[in-house]
Structure formats: C-alpha cells, structure tokens
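Counting in our numbering, the sequence shown tops out at residue 373, every number present. Ideal placement from N, C-alpha and C gives every residue a C-beta, glycine not left out. Computed from a predicted structure; not experimentally measured. Data block below; observations after.
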Amino acid sequence: MAEPAQIETRHRWLIGAFFGVVILPVLLAAAYLWIIAEDQYASTVAFSVRKEEMDSSLDLLGGISKLSGSSTSDTDVLYEYIQSQDLVQNIDRDLDLKAMFGKAWPGDPVFAFDPSGTIEDLVDQWEDQVRVLYDTGTGIITVRVQAFTPEDATAIATAVFDRSSKLVNDISSIAREDMTRYTREELDRAVERLKQARQDLTAFRLRSRIVDPQADLQGQMGVLNTLQAQLAETLVELDLLRESVRENDPRVTQAERRIDAIRRRIEDERNKFTENANDPAAENYATLMAEFERLSVDLQFAEEAYRTALAAHDSAVAEAQRQSRYLAAHIRPTHAEKSEFPRRWMLLGLTGLFALLTWAVGALVYYSIRDRR
Numbered sequence: 001m002a003e004p005a006q007i008e009t010r011h012r013w014l015i016g017a018f019f020g021v022v023i024l025p026v027l028l029a030a031a032y033l034w035i036i037a038e039d040q041y042a043s044t045v046a047f048s049v050r051k052e053e054m055d056s057s058l059d060l061l062g063g064i065s066k067l068s069g070s071s072t073s074d075t076d077v078l079y080e081y082i083q084s085q086d087l088v089q090n091i092d093r094d095l096d097l098k099a100m101f102g103k104a105w106p107g108d109p110v111f112a113f114d115p116s117g118t119i120e121d122l123v124d125q126w127e128d129q130v131r132v133l134y135d136t137g138t139g140i141i142t143v144r145v146q147a148f149t150p151e152d153a154t155a156i157a158t159a160v161f162d163r164s165s166k167l168v169n170d171i172s173s174i175a176r177e178d179m180t181r182y183t184r185e186e187l188d189r190a191v192e193r194l195k196q197a198r199q200d201l202t203a204f205r206l207r208s209r210i211v212d213p214q215a216d217l218q219g220q221m222g223v224l225n226t227l228q229a230q231l232a233e234t235l236v237e238l239d240l241l242r243e244s245v246r247e248n249d250p251r252v253t254q255a256e257r258r259i260d261a262i263r264r265r266i267e268d269e270r271n272k273f274t275e276n277a278n279d280p281a282a283e284n285y286a287t288l289m290a291e292f293e294r295l296s297v298d299l300q301f302a303e304e305a306y307r308t309a310l311a312a313h314d315s316a317v318a319e320a321q322r323q324s325r326y327l328a329a330h331i332r333p334t335h336a337e338k339s340e341f342p343r344r345w346m347l348l349g350l351t352g353l354f355a356l357l358t359w360a361v362g363a364l365v366y367y368s369i370r371d372r373r
C-alpha cells in the first residue's frame, strides 16, 4: 500500500512560485489597469489613393470618364509615409504631439509619453498610439489613432489625412511636371528660333530698304517691260520718219536721242540684276532674292516648328490634367464618445496567460532536471 501523499518542501516552493509568478503579476496588472492607467479614446479614418483618367474630347462621344485605383506604388509610398519620422515631426510641429501623448505623464508611465523624450522616442510612441492597416486588395488604408481625449484623437487623425492628401497632391504635381517639362523646353527653343528668324528678316529689310523683294522685283520688271515697249514704239516711229523725211531732219535726230536714252535706261535696269562693276560692295537683285528666300525659308520652318511644339505642349498639359491623383476619404475622422482603450480585460488576460506559461515551463524544467538525478 502506498503511503498517503504529504506536502513536501518542493511542493511549497512550487505553490509559492505560482503565487509569485502568476497571482501577484496579475493582481499588480489589474491594479495598474483599473487604478492608474488613464482612459484613451480612438479616432478612425480610412482613405485610398484614386486616379482619375478623363478621355479626350474625341472620346467623350463614345464614353464617359473612368475612375480607377492608382498604381500600387502610390499607396505603398503613402503607407510608409504615415509611419515615417517626417510625418511625426510635421504633426508634432502643428499640434504638439508630445503634449498630447504626455497628458497622463507621470501618473501613467506605461501608456503616456515622457514630454522630454527625443524625436526617436516620439516615433516609437507614435507606433504604439497609431495603428495603420493596409488592404492590398482594395488599396484602402485605415488609420486608428489613440489619445487621452477625444478631441486630440480626432485632431491627430485629421492631421494624418491632411498630410497624406498633401503628399498625394505633391506626387501628382511632380508627375504632371515631368510630363510637361520636355515639351515646355521644346516650346521655349521653338519660340527663341522664331524670334531669331523674325529678327534676321527685319534686319535684312532695314539693310536693303526693301520690305518685299518679290514685289519690288515685279515693279522693276514692270519698269523694264514699259521701257522695252517704249523702245519698240520709238523704233517704229524712227523707221516711219526715215521713210518720209530727210536724214538730217531734226525729228530723226530727236528720235535717235530718245532711243539711246531708252536703251541706256534699259541697260541700267538690267544691271540691277547682275553684279555692279562700279560698286563692288553693292548687292544685286539676285543676291538679295537669294538671301530673302533663305530667310523666308528659315522663318517658315521656325513657324512650323513653333506650331508643332505648341500643339505638343498643349497635348501634354491636357494629358497631365486628365491623369490626376487625389486622396478619397472612405471614412472621415471619427469623434469618440466613450473610452475603448486600454483594453483592460484583454491585457489582464494576456498577462495571466504569459505568467501561467512562465510558471508551467519553469515547473517542467525543474522536474525534468530533478528526474535526471
């Protein structure tokens, strides 16, 4: 027959360890949670990055504007930004986060923030007070902010949404700037080329004192044709005079002098179209026309390049405006009416569970070592 079991020293140590490792921590945690820990309130905001792609004016006849989610990278950037030190510093500068998170200090040293802490400490507190959930399927980001007053929680959640919206707007502005920068540079070069071509043509007109060489040439050809007609008419008159009067008749002499004058004038007019032997520095009509045609071609090319660059720039601007990103709020920052945090029963249960597991593991290790002796 086995002897009745008796409580030995090891049993007393095991029971004492249970009270010291399990019961006492649970009692201390309960006292802190219900007596010392301050109530905290939560505010929730949910949003996603949207991208609006509007069809061009030609496509509007067959459809309407499309609304689709932005690329995953935009939402990933926003998700990382909400947890970044940059956002924490900006909101701290706007709202004084240290004062908001440190309202219960030093009465609640576990959940409150020490206002004398560094920015790194504030970022760690931010990770404890702000929960960011990202649904990769829908692209929706949900942010839950905890603070010691409902007003503070709502203010922080609103600041997170405003800063996130500003970031998305900045990204959209950078994208539009990238889309239009090259076409704007091409347009600027085309404008300068057009200005230079017009200045060169103006300088040519001032130097030659001819507005339109083609019109001036047509006038010169008209003068030459008139002189040739007068010469032919005078030659006919001279032939008629020689048939009816003597050779030394004054009218014959007058006609011959008129013919010589007309021929000299014709020769002078024709010399304008060839090199001027008397003045080598002077330019003839052929040289002027060649230079004018070159400048005209340059001007036409510059105008065409300008029109092409302007159309490309307008198209790029319109395309950039059709593809705009913005932050759509699915849930606006809420305002709490009762305290939900800290979740005392859950924290107490977790404390008791870990304490019990610690005690059980310790007991098993002790008996395992004892049995090996």
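- 307 is the residue among 307, 27 and 179 whose C-alpha sits nearest the C-alpha of residue 189.
- Around the beta carbon of residue 227, 16 or more other beta carbons sit within 10 angstroms, so the residue counts as buried.
- Note on the stretch 282 to 357: whole alpha helix (DSSP H) runs with a minimum of 4 residues are 285 to 322, in chain order.
- Distances from the alpha-carbon of residue 338 to those of 35, 17, 32 and 43 put 43 closest.
- The stretch 126 to 134 makes no contact with the stretch 30 to 38: fewer than 3 CB pairs, one atom from each, lie closer than 8 Å.
- Spatial neighbours of residue 344 in its own chain (CB-CB distance under 7 Å, excluding positions within 5 residues in sequence) are listed in chain order as 33 and 34.
- One alpha carbon belongs to residue 80, the other to residue 12, and they sit about 53 Å apart.
- With contacts defined by Cβ atoms closer than 9 Å, residue 132 and residue 140 do not form a contacting pair.
- Put simply, the stretch 346 to 358 does not touch the stretch 159 to 171. Fewer than three CB pairs are less than 8 Å apart.
- Burial is judged here by how many other beta carbons sit within 10 angstroms of a residue's own beta carbon; residue 152 has at least 16 and is buried.
- Here DSSP, grouped into helix, strand and coil, assigns residue 48 to strand.
- In the three-state scheme derived from DSSP, where H, G and I count as helix and E and B as strand, residue 136 is classed as coil.
- As the crow flies, the alpha-carbon of residue 148 is around 23 Å from that of residue 349.
- Secondary structure of residue 141 (DSSP, three-state): strand.
- Take the alpha-carbon of residue 332 and the one of residue 106: they are about 33 Å apart.
- Fully contained in the stretch 69 to 107 are the following alpha helix (DSSP H) runs of length 4 or more, in chain order: 72 to 82, 85 to 95 and 97 to 101.
- Secondary structure of residue 112 (DSSP, three-state): coil.
- Annotated three-state conformation of residue 372 is coil, per DSSP.
- Taking 9 Å as the cut-off, the Cβ atoms of residue 150 and residue 41 count as close.
- With a cut-off of 8 Å on Cβ pairs, the stretch 170 to 189 is in contact with the stretch 311 to 320, counting three or more such pairs.
- Of all C-beta pairs linking the stretch 23 to 32 to the stretch 83 to 99, fewer than three are shorter than 8 Å, placing the two stretches out of contact.
- A straight line joining the alpha-carbon of residue 187 with that of residue 222 spans about 44 Å.
- With fewer than 16 neighbouring CB atoms inside 10 Å of its own CB, residue 245 falls in the exposed class.
- Spatial neighbours of residue 113 in its own chain (CB-CB distance under 6 Å, excluding positions within 5 residues in sequence) are listed in chain order as 101, 102 and 125.
- Going by DSSP, residue 247 is part of no alpha helix (DSSP H) at all; its letter is neither H nor E.
- About 5 Å separates the CB atoms of residue 329 and residue 47; that is less than 8 Å, so the two are in contact.
- Residue 19 counts as exposed, since fewer than 16 other beta carbons sit within 10 angstroms of its beta carbon.
- A Cβ-Cβ separation of about 7 Å places residue 160 in contact with residue 45 under the 8 Å criterion.
- Annotation: the continuous alpha helix (DSSP H) that includes residue 14 extends over 9 to 18.
- Classified as exposed, residue 357 has fewer than 16 neighbouring CB atoms from the shown chains inside 10 Å of its CB.
- Within a 10 Å sphere around the beta-carbon of residue 196 sit fewer than 16 other beta-carbons, which makes this residue exposed.
- Within the model, the alpha-carbon separation for residue 241 versus residue 255 is close to 9 Å.
- Only residues of its own chain outside the window of five on either side were considered, and among them 252, 255, 256 and 259 have a CB closer than 8 Å to the CB of residue 238, listed in chain order.
- In the assembly as shown, residue 365 is an exposed residue. Its beta-carbon has fewer than 16 other beta-carbons within 10 Å.
- DSSP, reduced to helix, strand and coil, places residue 31 within a helical segment of the structure shown.
- Secondary structure note for residue 199: its alpha helix (DSSP H) is the uninterrupted segment 150 to 208.
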